[in-house]
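Peer 1: Protein sequences appear in the order of chains A and B.
The letter at position 79 of the first sequence is residue 79 when you use UniProt numbering, and the numbering goes up by one with no holes.
The letter at position 265 of the second sequence is residue 265 when you use UniProt numbering, and the numbering goes up by one with no holes.
Protein chains: 2
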Amino acid sequence: MTNVPVRIDDPADPRIAGFVSIKEKDLTGRHGRFIAEGTVVLRMLAAAHRAGRGVAAEAILLLENRVSGLSDILAEFPADIPVYVADALVFDAIAGFNMHRGVMALGRRDQAPRMDVLVGGLPVKSLVLAACGISNHDNMGSMFRNAAAFGADAVLMDETSCDPMYRKAIRVSVGSVLTVPFAREGSVAALVSKLQAEGFSIWGLSPRGQTDLRDIAPSPRTALLVGTEGEGLPQHILSSIRTARVRQRPGLDSLNVATATGIALHQVAMINGFI
Amino acid sequence: MTNVPVRIDDPADPRIAGFVSIKEKDLTGRHGRFIAEGTVVLRMLAAAHRAGRGVAAEAILLLENRVSGLSDILAEFPADIPVYVADALVFDAIAGFNMHRGVMALGRRDQAPRMDVLVGGLPVKSLVLAACGISNHDNMGSMFRNAAAFGADAVLMDETSCDPMYRKAIRVSVGSVLTVPFAREGSVAALVSKLQAEGFSIWGLSPRGQTDLRDIAPSPRTALLVGTEGEGLPQHILSSIRTARVRQRPGLDSLNVATATGIALHQVAMINGFI
Chain A
1 MTNVPVRIDD PADPRIAGFV SIKEKDLTGR HGRFIAEGTV VLRMLAAAHR
51 AGRGVAAEAI LLLENRVSGL SDILAEFPAD IPVYVADALV FDAIAGFNMH
101 RGVMALGRRD QAPRMDVLVG GLPVKSLVLA ACGISNHDNM GSMFRNAAAF
151 GADAVLMDET SCDPMYRKAI RVSVGSVLTV PFAREGSVAA LVSKLQAEGF
201 SIWGLSPRGQ TDLRDIAPSP RTALLVGTEG EGLPQHILSS IRTARVRQRP
251 GLDSLNVATA TGIALHQVAM INGFI
Chain B
1 MTNVPVRIDD PADPRIAGFV SIKEKDLTGR HGRFIAEGTV VLRMLAAAHR
51 AGRGVAAEAI LLLENRVSGL SDILAEFPAD IPVYVADALV FDAIAGFNMH
101 RGVMALGRRD QAPRMDVLVG GLPVKSLVLA ACGISNHDNM GSMFRNAAAF
151 GADAVLMDET SCDPMYRKAI RVSVGSVLTV PFAREGSVAA LVSKLQAEGF
201 SIWGLSPRGQ TDLRDIAPSP RTALLVGTEG EGLPQHILSS IRTARVRQRP
251 GLDSLNVATA TGIALHQVAM INGFI
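1. Check for me: the beta strand (DSSP E) holding residue 222 of chain A runs from which residue to which?
2. Can you grab the Cα-Cα spacing for the pair residue 136 of chain B / residue 58 of chain A, in whole Å?
3. Within this structure, are the beta carbons of residue 248 of chain A and residue 216 of chain A separated by less than 9 Å?
4. Can you confirm whether residue 80 of chain A, when its beta carbon is compared against all beta carbons of chain B, has any partner nearer than 9 Å?
5. How about the stretch 141 to 159 of chain A and the stretch 1 to 15 of chain A: do they share at least three Cβ pairs that are nearer than 8 Å?
6. Taking only beta-carbon positions, decide if residue 246 of chain B is within less than 9 Å of chain A.
7. 9 Å is my cut-off, CB to CB: does residue 202 of chain A come that close to chain B?
8. Counting pairs of Cβ atoms below 8 Å between the stretch 121 to 134 of chain B and the stretch 210 to 230 of chain B, do you hit three or more?
9. Among A/236, A/179 and A/37, which residue has its Cα nearest to the Cα of residue 190 of chain A?
10. Which residue from A/122, A/52 and A/219 puts its Cα closest to that of residue 114 of chain A?
11. Can you check which of these residues, B/105, B/209, B/171 and B/213, is closest to residue 271 of chain B by C-alpha distance?
12. If you draw a straight line from the C-alpha of residue 209 of chain A to the C-alpha of residue 163 of chain B, how long is it?
13. Find the nearest neighbour of residue 52 of chain B within the set B/4, B/64, B/108 and B/274, judged by alpha-carbon distance.
14. What span of residues does the alpha helix (DSSP H) with residue 142 of chain A cover, start to end?
15. Can you find a C-beta in chain A that's less than 9 Å from the C-beta of residue 13 of chain B?
16. What residues from chain B crowd round residue 255 of chain A, counting only those whose CB sits closer than 8 Å?
17. Determine the burial state of residue 78 of chain A: buried for a count of at least 16 other Cβ atoms within 10 Å of its Cβ, exposed for fewer.
18. Kindly identify the DSSP beta-bridge partner or partners of residue 157 of chain A.
19. In chain order, what are the residue ranges of uninterrupted beta strand (DSSP E) at least 3 long that sit wholly in the stretch 52 to 116 of chain A?
20. Measure from the C-beta of residue 51 of chain A to each C-beta in chain B and report whether the shortest distance is under 9 Å.
21. Return helix, strand or coil for residue 205 of chain A, following the three-state DSSP convention.
22. Out of curiosity, what's the CA-to-CA distance linking residue 165 of chain A and residue 50 of chain A?
23. Whose Cβ in chain A lies nearer than 7 Å to the Cβ of residue 259 of chain B?
24. Tell me the residue span of the beta strand (DSSP E) that contains residue 245 of chain B.
25. If you drop the 5 nearest sequence neighbours on each side, which residues of the same chain put their C-beta closer than 6 Å to that of residue 228 of chain B?
26. For a test of the three-state rule: what should DSSP assign to residue 24 of chain B, helix, strand or coil?
27. For residue 217 of chain A, which three-state DSSP category applies?
28. So that I know if they touch, is there some Cβ in chain B lying closer than 9 Å to that of residue 94 of chain A?
29. Do three or more CB pairs link the stretch 250 to 263 of chain A to the stretch 66 to 78 of chain B at distances below 8 Å?
30. Given this structure, state the Cα-to-Cα distance separating residue 153 of chain B from residue 219 of chain B, to the nearest angstrom.
31. Looking at residue 159 of chain A and residue 120 of chain A, is the spacing between their C-beta atoms short of 9 Å?
32. Output yes if chain B places a C-beta closer than 9 Å to the C-beta of residue 66 of chain A; else output no.
33. Examine the Cβ distances between the stretch 70 to 85 of chain B and the stretch 33 to 46 of chain B and report whether three or more of them are shorter than 8 Å.
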């Protein structure tokens with residue numbers, strides 16, 4: 001049973017300060033806060049909140065005409081999470097732009113685990129997606145969605161990758177960013193060393209990879225490493241690990257990194273019994 | 001040898017009228033014109049223009065600081081295609097928004113072929129991507145990129161699918177929309193009938209598909225049919241064709257339609273020798 005929705009008539013109302021000008025907040029320090037947009041992500045947030053593993057909902061802000069249709073989802077949140085409603089003018093004035101969805105929640109995420117701790121705690125049988133230099137939030141979100149769909153235990157990113165807790169990445173991931181464990185720190189070389197030390201079979205995905213994706217052998221612990229769409233993985237990394245390629249027509253711009261990741265995760269998850 | 005770039009100082013200059021307010025033009029009738037954005041798509045446009053199969057470049061508009069870096073690509077266009085340059089203020093005033101890329105071309109595409117003509121002219125050994133109700137231009141662009149990467153002979157869409165010649169779809173497709181033959185007309189039922197009449201083995205992709213994607217048998221003519229992300233394929237279509245599923249973790253929101261299409265095309269292209 002959620003609280004009765006509280007009507008907001010003033011975009012400057014301090015109770016909804018966390019939702020003000022969210023596009024600007026995307027770009028500056030967010031202090032562990034994030035914005036969940038849309039009904040699918042709202043439902044994932046409710047589940048993550050109940051699971052209590054470091055993700056919590058703080059407040060919900062809805063366009064007034066969305067409230068009745070969302071009662072099922074709202075009931076999944078504890079009663080102490082405030083639900084604010086506003087008409088379209090006030091809602092857009094709060095958000096700072098015309099937000100057709102009319103569904104937002106403010107969430108808080110504890111400090112992400114240290115890379116060492118996360119990798120050290122992975123199960124004996126693990127599938128990991130590792131990424132280097134991913135700068136596009138759509139690609140980041142899609143990669144998390146794929147990681148969830150194919151049962152990856154964690155997503156590990158180097159420090160040059162973008163923040164998956166950015167609003168658009170969360171939305172594109174359909175909320176998977178809130179459920180798939182991740183860490184983002186250090187260099188890709190350090191990440192590879194750590195995975196090697198933990199006995200992972202590491203495969204770098206590259207259009208010039210030496211092994212056809214279909215010939216990757218099963219392994220209890222497999223990590224798939226992908227790089228940026230333009231440059232791919234750095235040469236010093238490619239020469240320190242085994243590399244695989246997704247077979248495709250020659251002479252074309254390579255696949256989108258998220259699609260290539262999906263194809264590769266699907267294959268590796270299947271041969272290792274994750275799906 | 002291209003023409004010497006012509007400097008534009010007035011956003012109202014009639015010579016660049018085709019580039020004015022391109023976001024509005026996205027939404028209204030484009031009369032066969034399209035906007036190619038960015039260097040990768042510009043190169044694809046040059047190739048499509050030279051190939052002469054119904055796609056032609058009409059004019060190029062560049063931010064002045066981009067010109068010298070693009071001389072290779074500009075040289076791929078015939079000398080009678082005008083190249084206009086503008087400074088950032090004028091460029092953005094023309095486009096109607098801040099366009100960081102600073103690289104645009106105006107192209108023209110002949111009327112797309114009729115569905116009958118395109119399907120009737122497909123090779124004996126063919127791979128087709130068929131789509132129903134795809135409304136998101138990013139997904140549309142990604143699907144064309146995948147179709148090109150895995151050697152599909154055509155993309156066939158029902159009339160409820162969005163226009164792949166929309167600026168963002170072309171960009172996301174990295175120009176594949178300009179090279180992969182396509183038709184968009186009629187109902188999905190008519191599309192399925194036409195493919196069946198032409199001897200295509202049709203597989204509908206669905207999270208509840210009866211056959212594991214990996215168990216699809218080779219066939220000289222295969223069509224993969226995908227539906228909208230939310231609803232999927234209509235039930236009356238699913239019950240008239242064979243259906244396949246991409247194996248994934250249960251209980252999750254299904255894969256993004258473009259990613260699922262990429263995984264399925266990769267598989268079907270491989271077993272049929274297209275890649």
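The C-beta atom is built at its ideal place from N, Cα and C for all residues, glycine as well.
All values reported here derive from a predicted model rather than from experimental measurement.
Peer 2: Reading off the structure:
1. 221 to 226
2. Rounded to the nearest angstrom, the two C-alpha atoms are 31 Å apart.
3. no
4. no
5. no
6. yes
7. no
8. yes
9. Selected option, being the one with the closest Cα: A/236.
10. Checking every option, the nearest Cα to that of residue 114 of chain A belongs to A/122.
11. Ranked by how close their Cα comes to the Cα of residue 271 of chain B, the residues B/105, B/209, B/171 and B/213 have B/213 in first place.
12. Cα-Cα distance, rounded: 35 Å.
13. B/108
14. That run of the alpha helix (DSSP H) goes 137 to 149.
15. Contacts with chain A at 9 Å (Cβ-Cβ) do not include residue 13 of chain B.
16. The contacting residues are 145, 146, 149 and 262.
17. exposed
18. A/131 and A/184
19. 55 to 63, 83 to 86 and 103 to 109
20. no
21. Three-state DSSP puts residue 205 of chain A in a strand.
22. 19 Å
23. Going along chain A in sequence order, the residues near residue 259 of chain B (Cβ under 7 Å) are 142, 146, 258, 259 and 262.
24. Note, residue 245 of chain B: beta strand (DSSP E), 242 to 245.
25. 133
26. helix
27. Reduced to three states, the DSSP call for residue 217 of chain A is coil.
28. For residue 94 of chain A, the answer is no, since every Cβ of chain B falls outside 9 Å of its Cβ.
29. no
30. 15 Å
31. no
32. Judged by the 9 Å Cβ criterion, residue 66 of chain A is not in contact with chain B.
33. Because the criterion of three Cβ pairs below 8 Å is met, the stretch 70 to 85 of chain B and the stretch 33 to 46 of chain B touch.
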